Structures are given as C-alpha cells and as structure tokens.
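The next block holds one structure in the form of structure tokens; read it before the comments.
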C-alpha cells in the first residue's frame with residue numbers, strides 16, 4: 001500500500017527528527033508527520049549554545065540540520081495534523097485532518113508541548129524577540145538587562161532565580177496578595193529574600209510593548225484597576241505548559257491528568273509498538289539534547305520491535321508446520337539443556353514441529369503477548385493460535401508432542 005510504513009513519527013521537533021535519523025539509518029520506511037514548521041518550539045529560540053558540537057546556532061538552523069540529516073537516509077516528510085488514531089491492531093493507523101490515512105508497524109509520538117499562552121497583545125508577535133518561555137534556553141541572552149517573569153508557581157520562581165544569574169533585575173508579576181506565592185516554601189523564601197528579585201503583587205500583565213523587540217509591559221492592579229507601564233527587555237511566561245496530546249485522548253494511550261504520557265526506559269507506552277518521546281512524555285528535563293536522546297532510544301526500540309513482529313509473522317503465522325515456541329534464557333544452563341531436550345524430543349517423535357527459540361532478554365514483547373511468567377516455557381501454536389503449553393522445569397516434556 002502506498003500509505004503503509006514501517007515507522008510513523010508524529011511530530012518534527014528534535015525528538016521526532018532524531019528518531020527519524022535512527023529509523024532511516026536502520027532501513028525502516030519512515031514517515032514524519034508534522035502540523036507546523038519543522039523544529040517545533042526550538043524554532044522560537046534565537047540562539048542555542050548548549051547543544052554538543054555547536055558552539056552557537058539558532059534554533060531554526062539547528063532543526064534544518066536535523067531534517068537534512070534525516071533526509072539523507074530517505075526519511076519522508078508530510079505536513080499535516082493528526083486528528084484520529086487507531087493503535088489497537090498490529091498495524092497502527094493515523095488519520096490527518098484532510099482525511100489521509102497511514103498505516104505503520106510502529107508509531108513514535110513526538111508532538112511535544114506548548115507553553116500556556118495568556119493571549120495578550122504583543123505576546124505572540126514578539127515571541128523570540130524578548131518574549132520567552134524557557135529560562136535555561138534563553139536567560140543568558142538578557143545579560144545585564146531587566147526582565148519580567150509572569151507566574152508564581154514552582155517553575156516561575158525557580159526559573160526566575162536562574163534568570164538572576166544573567167539579568168540585572170527580575171520583576172515577578174503575581175496575582176496574589178503580598179507575600180503569597182504558589183511555589184514551595186523553600187523557593188518562596190529564597191526568592192523573597194533575593195537581592196535581584198522584585199515583586200509586583202495583586203497584578204496581571206495586559207500587554208507586551210515593543211516594535212521589533214520587547215521594550216516593556218503594561219501591568220494592571222487587580223484591586224485598584226489602575227495600569228502602569230514597566231520598562232524591560234525580556235518577558236518570561238511561566239503560566240504552565242500544555243502537552244499536544246489532545247488528539248490521543250480516546251486512543252487508548254495512558255496519560256496523566258495533565259495529558260503527559262508515561263513511558264519506560266525504552267520509551268514504550270502502555271500500547272505495544274507505540275512510543276512517546278520528547279516534551280509530550282513525563283520527564284525531568286525538557287531540552288533539545290534530552291529530546292534527541294529520547295528519539296534515538298525509541299527508534300532503536302521500535303526497530304527491534306518491528307524485527308520481532310516480522311520474524312513472528314514469517315516463522316509462526318506463515319509456517320506450514322505447527323510451532324513449538326520456546327521461551328528461555330540464553331545465559332542459563334538449565335534453559336539451554338531444556339532447549340536441547342526439546343529438540344531431541346521433536347526429532348524422536350517424528351511429528352516434525354518447527355521449534356522457535358525466544359530469548360526472554362531480547363524479545364520481551366512476545367513474552368508479554370503470551371503472558372509468559374516462568375522460564376523455560378513452551379507454547380504450542382498452529383498459525384499463531386495456542387494449542388497447549390508447558391511452564392517451568394517441573395513439567396515434563398513428555399506428552400507435549
């Protein structure tokens with residue numbers, strides 16, 4: 001089928017592009033579907049100075065290099081928005097807003113997250129020109145300048161203190177009465193006593209002011225209704241992040257109450273063959289370098305999963321013979337002896353079963369499919385349908401065939 005792939009990656013940020021590079025290099029037919037500009041949030045970063053190998057580069061330029069690298073391995077790209085998914089079958093299906101349908105053996109969700117916007121005048125227009133959402137990404141570009149921080153939760157206050165390492169002054173706009181912050185008590189105490197931090201209480205920001213760059217903000221006092229303009233060169237918004245996972249709500253993927261996807265060390269979700277990487281997953285650090293690592297891990301895991309699926313289809317579902325599926329530990333002497341005994345029994349019986357050995361250390365998905373809890377175990381299959389099984393060394397092989 002023209003729309004059938006080995007691997008589909010939803011999202012073209014650093015996590016998705018890294019996964020694409022690894023997928024393409026593994027000779028997987030790979031498609032990246034991205035609804036916006038390639039690069040995602042990284043495109044809003046004026047300069048990146050902490051990505052290995054690049055002393056200084058803009059976010060868009062770095063993402064162009066990522067995409068170009070993926071294209072050298074034959075990765076395909078499609079601009080489109082995924083609105084529907086069906087991950088319940090062996091072949092996973094995704095559907096775009098335009099009605100295009102694509103099938104894949106594995107899917108990597110790399111759609112990222114977005115800062116929660118206040119949608120006030122000037123915020124979108126000056127994004128990347130003084131308006132920022134990530135202190136570790138952009139704080140150093142405000143060396144010796146005045147910065148405004150919007151928000152009073154843990155992220156706002158802790159990132160605000162990080163910004164003080166570079167800025168001349170950091171002014172925090174807080175909705176609450178004087179002395180009340182939404183962050184933890186330790187951070188609140190440190191911030192309130194920080195010599196470079198000031199607070200404007202009972203207030204909100206109404207507008208970001210500036211022509212080509214941020215020049216100031218308009219602040220409204222919520223109690224008096226009065227407004228005032230404060231001069232600054234940067235505004236950091238920390239009013240929350242929103243994972244871009246709404247389209248997955250009814251797709252069976254486990255998500256936390258905020259919409260982030262929990263994964264294991266292989267980036268596997270609760271659904272077989274579906275992975276989540278980058279800013280849309282539950283994680284500690286949201287940076288380009290950590291996103292790239294996520295993508296590499298998921299793509300390698302997906303490659304091995306696809307190889308396992310292909311082997312199973314070829315050796316089990318398409319086999320003319322019944323199959324003895326042996327789950328064992330290749331490093332365990334008892335397991336190896338068990339395999340030898342099974343081979344001798346099959347040869348002696350003359351029933352000509354096909355033996356397929358599965359090392360539990362490398363093919364966990366197959367073991368989970370057949371609910372294997374003890375090794376060694378043997379599952380007798382006919383075209384993939386279980387006929388019988390033996391579990392553990394305690395059960396005799398006699399009578400199995």
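Residue numbers (full-length UniProt numbering): 1 to 401. No residue lacks a Cβ here, since even glycine has one placed at the ideal position from N, Cα and C. Quick caveat: nothing in here was measured; it's all calculated off a predicted structure.
Through-space distance from residue j to residue i, alpha-carbon basis
{"i": "residue 376", "j": "residue 370", "result": "13 Å"}
{"i": "residue 217", "j": "residue 123", "result": "10 Å"}
{"i": "residue 344", "j": "residue 322", "result": "16 Å"}
{"i": "residue 266", "j": "residue 143", "result": "39 Å"}
{"i": "residue 381", "j": "residue 138", "result": "58 Å"}
{"i": "residue 147", "j": "residue 125", "result": "18 Å"}
{"i": "residue 133", "j": "residue 331", "result": "50 Å"}
{"i": "residue 320", "j": "residue 313", "result": "12 Å"}
{"i": "residue 333", "j": "residue 65", "result": "49 Å"}
{"i": "residue 326", "j": "residue 366", "result": "11 Å"}
{"i": "residue 236", "j": "residue 209", "result": "14 Å"}
{"i": "residue 214", "j": "residue 193", "result": "27 Å"}
{"i": "residue 156", "j": "residue 360", "result": "46 Å"}
{"i": "residue 44", "j": "residue 58", "result": "9 Å"}
{"i": "residue 311", "j": "residue 95", "result": "28 Å"}
{"i": "residue 373", "j": "residue 290", "result": "34 Å"}
{"i": "residue 178", "j": "residue 198", "result": "11 Å"}
{"i": "residue 170", "j": "residue 230", "result": "12 Å"}
{"i": "residue 298", "j": "residue 280", "result": "14 Å"}
{"i": "residue 355", "j": "residue 362", "result": "18 Å"}
Option nearest residue i by Cα separation, candidates the options
{"i": "residue 136", "options": "285, 214, 203", "result": "285"}
{"i": "residue 8", "options": "85, 41, 384, 390", "result": "85"}
{"i": "residue 288", "options": "32, 3, 23, 60", "result": "60"}
{"i": "residue 201", "options": "23, 219, 50", "result": "219"}
{"i": "residue 151", "options": "188, 63, 316", "result": "188"}
{"i": "residue 238", "options": "117, 372, 300, 230", "result": "117"}
{"i": "residue 211", "options": "62, 233, 170, 181", "result": "233"}
{"i": "residue 357", "options": "328, 351, 300", "result": "328"}
{"i": "residue 36", "options": "120, 78, 101, 205", "result": "78"}
{"i": "residue 33", "options": "81, 186, 278, 299", "result": "81"}
Contact belief for residue i with residue j at Cβ below 8 Å, rounded distance in angstroms
{"i": "residue 39", "j": "residue 12", "result": "7 Å"}
{"i": "residue 379", "j": "residue 386", "result": "6 Å"}
{"i": "residue 70", "j": "residue 99", "result": "Actually they do not touch by this definition, with Cβ atoms about 26 Å apart."}
{"i": "residue 105", "j": "residue 6", "result": "5 Å"}
{"i": "residue 271", "j": "residue 87", "result": "5 Å"}
{"i": "residue 384", "j": "residue 317", "result": "5 Å"}
{"i": "residue 222", "j": "residue 175", "result": "7 Å"}
{"i": "residue 41", "j": "residue 51", "result": "About 14 Å; that fails the 8 Å criterion."}
{"i": "residue 301", "j": "residue 18", "result": "Not quite, the Cβ-Cβ distance comes to about 13 Å (not below 8 Å), so this is no contact."}
Validate contact between the region 231 to 250 and the region 103 to 114 using beta carbons, cut 8 Å, 3 pairs | yes
Would you list, in sequence order, the uninterrupted beta strand (DSSP E) runs of no fewer than 3 residues that lie entirely inside the region 156 to 211?
Runs of the beta strand (DSSP E) inside the region 156 to 211: 169 to 173, 197 to 200, 203 to 209.
Requested in this report: May I ask you to verify whether the region 249 to 263 touches the region 150 to 164, counting CB pairs closer than 8 Å and requiring at least 3?
Outcome: no
- Query: Quick one: any contact between the region 328 to 348 and the region 302 to 313, if contact means 3 or more CB pairs under 8 Å?
  - Reply: no
Contact between the region 25 to 32 and the region 264 to 279: three or more CB pairs below 8 Å?
no
Q) Unbroken alpha helix (DSSP H) runs of length 4 or more, entirely within the UniProt domain "Thioredoxin" (310 to 395): which are they? A) 333 to 349, 364 to 369
Minimum length 3: unbroken beta strand (DSSP E) runs contained in the region 52 to 130
76 to 79, 82 to 86, 92 to 96, 101 to 109, 113 to 115
Problem - 3 or more residues per run - each beta strand (DSSP E) lying fully within the region 237 to 295 - result: 241 to 243, 274 to 276
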